[in-house]
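Protein chains: 2
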Amino acid sequence: MAVTNRDMANAVRALSMDAVEAAKSGHVGLPLGMADAATVLFRKFLKFDPADPNWADRDRFVLSAGHGSMLIYSLLHLTGYKSVSRDDIRNFRQLGAKTPGHPENFVTPGVETTTGPLGQGIATAVGMAMAERHLNARFGDDLVDHHTYVIAGDGCLMEGISQEAITLAGHLKLNKLIVLFDDNSVTIDGGTDLSDNTDQCARFEASGWITKKVDGHDEKSVEAALTWAKKQKKPVMLAVKTIIGYGAPKIAGTGKAHGGPYGAEEIAGIRENIGWKYPPFEVPAAIEKAWAKAGERSKKEHEAWNKRLAGSEHKGEFNAAMTGRLPKNIAKAIIKHKKAVVAGGEKKATRQWSGAALEVLTHLVPEMIGGSADLTGSNNTKTSHTDPITPKNWAGRYVHYGVREHGMAAAMNGMALHGGILPYSGTFLVFADYSRGAIRLGALMGTRVVHVMTHDSIGLGEDGPTHQPVEHVASLRAMPNMLVFRPADGVETAECWELAIANETGPSVMALTRQGVAPARTTHTDDNLSAKGAYVLSDCKGKAQATILATGSEVEIALAAQEMLAEDGIAARVVSCPCLELFEQQHGNYRKSVLGSAPRVAVEAGVRFGWDRWIGEDGGFVGMSSFGASAPYTDLYKKFGITVQAVAAEVKKRIA
Amino acid sequence: MAVTNRDMANAVRALSMDAVEAAKSGHVGLPLGMADAATVLFRKFLKFDPADPNWADRDRFVLSAGHGSMLIYSLLHLTGYKSVSRDDIRNFRQLGAKTPGHPENFVTPGVETTTGPLGQGIATAVGMAMAERHLNARFGDDLVDHHTYVIAGDGCLMEGISQEAITLAGHLKLNKLIVLFDDNSVTIDGGTDLSDNTDQCARFEASGWITKKVDGHDEKSVEAALTWAKKQKKPVMLAVKTIIGYGAPKIAGTGKAHGGPYGAEEIAGIRENIGWKYPPFEVPAAIEKAWAKAGERSKKEHEAWNKRLAGSEHKGEFNAAMTGRLPKNIAKAIIKHKKAVVAGGEKKATRQWSGAALEVLTHLVPEMIGGSADLTGSNNTKTSHTDPITPKNWAGRYVHYGVREHGMAAAMNGMALHGGILPYSGTFLVFADYSRGAIRLGALMGTRVVHVMTHDSIGLGEDGPTHQPVEHVASLRAMPNMLVFRPADGVETAECWELAIANETGPSVMALTRQGVAPARTTHTDDNLSAKGAYVLSDCKGKAQATILATGSEVEIALAAQEMLAEDGIAARVVSCPCLELFEQQHGNYRKSVLGSAPRVAVEAGVRFGWDRWIGEDGGFVGMSSFGASAPYTDLYKKFGITVQAVAAEVKKRIA
């Protein structure tokens, strides 16, 4: 008997449903519905080599509808990825298995990105497709020439982030991006018509995509559409009509088929309906063999690519880029830059100092690709080394992301995951709230991306409380696996940038001022003093009677308070804290030596929340306890009492 | 000389540009471009009475492109709102003026909602239009029958939230919603073609809107379009083609015209080009008079409405709804419900207890309108008193928001701002990250909305770290003017709901478990013990050697630890902390009496961030310090060490 596409798809269906039943949770509706189409994709189109999940020029496959994770686990397992064993499938959603509830790239080789929060996958895939186009322009067809495929569900397309992704991809004419929309007309609450009437094809076309409707249960229809899609000059969306929970006698095609174990009766019914006569977790040898063969389809192509790389003049550069190795001369360049900053002694906004540091770094690191969500001039993210990326100039290194903070953050994740790119981008700090979903996913995945976030406090002034971050630095510090930098001046900004791009295992945030700040560091040190997160910036003579902790624009206030206190004969030490996460990582002895044993007062133009860790319950805090207001920033600092006098008073209170 | 629409529009232009020049910041590009169209709207269509900005049946006008705030300030001032004086316009963006950088409804009567973060306005307006339809169904055409108008910019339409708003409005056939898209083809970075190619009309039509292209500088074209728009049976988007910075000789129509003061030369050029011969901040009497007349246009309609209300059988009910007065019998009903919960002694998830409390409350409070972002069954937000709202059943009280967390939160703000509705809705807590932009705006505006956020920790189990909040409770607690509730059992859940709906001046978050929790409150009290935010749930015999603080599902662990410690002869007190913001508001003596002076240990299945405020730098904390994992929740609590033993050990460490 010849093994058909349907037979192979049924193996995916069977493993998926058996796994969900065993786990007593999970979502089998999508794997049952999309099995036929995904089988065509993996059998005939996707370029991949299970023996080398990191092959740089593989096609990327993103299951944006991450709840259908058993689809991808079944496919990885059947095509021969070692990362997913039959036991992993048996242990779906159990502690330690390579088969978590939603696909996690840091757990399961072969999974390209972590999905589950809807819409993130498609937006991340846009970043992958952008990375491919840029690296293609940099290294040529020989080394970089692949597609990015996405399976997205109704939920993905209802999330706002999908619109940002779709419009960006359409604008950039990402012709190697192919989205298979699992058009099953069902969400958790019921039929999509409970909450949506969007004509998705028309919507995509409105933003420069090409679309086609496809019968997702007809192998030929899917194959013809994918063949056609690869020839288009624009991104393609295939509306793949499927029946969710395909085969389930009672619930197929309904909201009930979305998730949860179906129960023995329905499962038996599916087995009957799809003609699957085998016990749970068993796949007949002929079908296993057909799948193994599918997994070997691109082997020769991979070997040819290996040869091309071995013979390429770009080999060294390409490998450096793909492994994310930074040039060794960065440290020296930063030292040189810091010297010039100290010598200049200028008062500038840290966003401007960030622009200056980027001018140095983007010159040295060709992998750095910048951008901004339509605030280029304000974020100072564009340098002379970064020409705009356009559909006609993929060699550019600057993305005009448009007013799309969430899509931007997700695209950065995608570029970092693709490899070969070190993305950074800019917006106002307050709009971290818009992009937080993608920032978090970056922290979870450990993507090296840098979020430049300027206008970082009431110091932005007239734009008022809608634009003034108050709780944002705190809320970002609360997130695991992320470094939040808030440098005080030009020197610290350069140091923090050096640390941010060296932070290979997670995102970094650069919180930067709109307003000018006086130099805090007036003598040069080769050492990166920010590397320990906090350090004694200005010690006092004799034993400190108080320690003043400050970050960013408030370091200036702390230093002035120190001086004012000195005039009253009070000895206070000033500690600058550009990155409290790094400080937390230091040895306790170092932390104690910096903090001292005197009473502590912190000053930061944000909320106290989180600061008690460093100043204690009885410590003093000068900052915000409400939203801000619209006025020139000097008026606001007075109005909200973030002043030299206030800091000095808090110190005095504690040493009386 | 007869005063023309153009003359009146030029007054708006002049005041706007003079104000921005004086403030040396702000955005005059939009007011210059949209002045003609907005003048037509305010002169001939908008139903409003400057003498009574709170007239319940006024049309709502939302300037979604909030940076163009001088447009609305000029219009409010010229039409006769007392809230905006000429001096306020002279003091644009200065401390204490009624003219902040972006429109703030809590500062300036006549401003319907706070805008600035792009896309929020259009999404909030959808909520207003929903409120209008529902209240129309409840109270009839006599009392509720108005339009909602929006001016939105390119930036608003690029934000993902706009897609959620547009698709929701299209689905609901909100025919009384009319969006004027300021189609000026420019954003801050330059032409929109730098980052977007979307055919906005096609995009809106794909989701059930009707659209028309309009010449924004042709009074007749705008008037005809608005007349036509009011007759449609679907929401209408008018693509109003304008020239940004209209009149500016050098920069009109370019990215430079978006914001910032234009400088004396350009301003003089505009005066010349539009034929405005008057000094800064001066408007000729004839034009002032024409505007004053426009402001009085709806007076008669307002008087007629007043009469209809005075004679209406619904008068009492309508006024109660619009003022947000809650029925007095709530307290009794909650007490009765709490008694039954205690008597039942059941172990249930707090999301289930929330559903039970909602069953009581939605019965008593007809203003409560529920919903969920496609997680109805999981969020337990639907009750027997809340039928779904559909385009054919506006009397319903439950919104299937679709997978649109951000649009949902903004729509709730809009309903609350409209008045007559007390909205609540549900999603998973982790997706607070998706809706945070709108949650924050609600906190800033002080809207009474309740965000039900279930699956509030690793306790959700198998779905894994993408779905497990770890830092979310902390990040929400960091936000000013919001109450974050995390109740421990059925009694606390009922108490927290009582507090949440009584919280008239800001949003509340209900963080609720997926998993079952044992009753913490085993004896009934009439008093709402959660009202003080934290209280002694279980005291020890004799002097406490330690205080254990806990919230939500971890209260159970704290109580078991107390017992375990007692067996070792250690006296520990357990404090339940369902709302730390309320606890913070209590008198210091109460706080001290609850916390005691013994060493403290807190247990919460989230990050420590923020807890040092309550346990001190040396306090013990049992919780999370990383992202979670995918497994059954009992395995996860063990893996991450959130156990009775761990709490007991932290206590012992501190009393050794």
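Chains P and H, in that order, are what the protein sequence lines are. For the first sequence, full-length UniProt numbering puts the final residue at 656, and the numbers step up evenly by one. For the second sequence, full-length UniProt numbering puts the final residue at 656, and the numbers step up evenly by one. Every residue gets a Cβ at the ideal spot worked out from N, C-alpha and C, and that includes glycine. Computed from a prediction, not measured in an experiment: that's the story for all the values here.
- In this structure, the alpha-carbon of residue 203(P) lies about 20 Å from that of residue 408(P).
- Taking the beta carbon of residue 491(H) as reference, no residue of chain P falls within 8 Å; the closest one sits roughly 28 Å away.
- Using a Cβ-Cβ cut-off of 9 Å, residue 198(P) counts as an interface residue toward chain H, since at least one Cβ of chain H sits closer than that to its own.
- Per DSSP, the unbroken alpha helix (DSSP H) holding residue 591(P) starts and ends at 588 to 595.
- Counting along the chain, residue 483(H) sits inside the beta strand (DSSP E) bounded by residues 483 to 485.
- By the Cβ rule, the region 92 to 105 of chain H does not count as touching the region 175 to 188 of chain H, because fewer than three pairs are nearer than 8 Å.
- The region 41 to 61 of chain P and the region 187 to 195 of chain P do not touch, with fewer than three beta-carbon pairs separated by less than 8 Å.
- In this structure, the alpha-carbon of residue 563(H) lies about 41 Å from that of residue 653(P).
- In this structure, residue 88(P) places its C-beta atom within 9 Å of the C-beta atom of residue 73(P).
- One alpha carbon belongs to residue 518(P), the other to residue 3(H), and they sit about 53 Å apart.
- In terms of beta-carbon proximity, residue 613(P) lines the interface with chain H, with at least one pair separated by less than 9 Å.
- For the region 556 to 589 of chain H, there are no residues whose beta carbon sits under 7 Å from a beta carbon of chain P.
- Around residue 101(H), the beta-carbon contacts reaching into chain P at under 7 Å are 462, 463, 464, 630.
- Chain P places no beta carbon closer than 9 Å to that of residue 594(H), leaving this residue out of the contacts.
- When DSSP states are grouped into helix, strand and coil, residue 238(H) belongs to the strand group.
- In this chain, residue 71(P) is not harboured by any beta strand (DSSP E); it is covered by the alpha helix (DSSP H) spanning 69 to 79.
- Listed as beta-bridge partners of residue 424(H) by DSSP are 450(H).
- In the DSSP assignment, residue 621(H) falls within the beta strand (DSSP E) that extends over 620 to 624.
- From the listed residues 162(P), 218(P), 323(P), 108(P), the smallest Cα separation to residue 505(P) is found for 323(P).
- For residue 60(P), the uninterrupted beta strand (DSSP E) run begins and ends at 60 to 63, by DSSP.
- Counted as a single uninterrupted DSSP element, the beta strand (DSSP E) harbouring residue 149(P) occupies residues 148 to 152.
- Bounds of the alpha helix (DSSP H) holding residue 131(H) are 120 to 139.
- Contact between residue 486(P) and residue 552(P) holds: CB atoms are separated by about 4 Å, below the 8 Å threshold.
- Per DSSP, the beta-bridge partners of residue 393(H) are 390(H).
- Check the Cα spacing between residue 115(H) and each of 440(H), 620(H), 615(H): the tightest is with 440(H).
- Per DSSP, residue 314(P) is not a residue of any alpha helix (DSSP H), being assigned neither H nor E.
- Among the residues of the region 498 to 526 of chain H, none has a Cβ less than 7 Å away from any Cβ of chain P.
- Nearest to residue 318(H) by C-alpha distance, out of 144(H), 129(H), 428(H), 62(H), is 144(H).
- Less than 9 Å divides the Cβ of residue 455(P) from the Cβ of residue 469(P).
- Minimum Cα-Cα distance from residue 152(H) among the listed residues 300(H), 125(H), 99(H) corresponds to 125(H).
- Remark: C-beta atoms of residue 570(P) and residue 546(P) approach each other more closely than 9 Å.
- Against chain H, the beta carbon of residue 104(P) has neighbours under 8 Å at 464, 465, 466, 630, listed in chain order.
- Rounded to whole angstroms, the gap between the alpha carbons of residue 176(H) and residue 63(P) is 39 Å.
- Neighbours of residue 318(P) in chain H, taken as residues whose beta carbon is under 8 Å from its own, are absent, since the nearest beta carbon is some 29 Å off.
- The continuous stretches of alpha helix (DSSP H) do not include residue 385(H), and DSSP gives it neither H nor E.
- Around the Cβ of residue 451(P), a 10 Å sphere holds 16 or more other Cβ atoms; the residue is buried.
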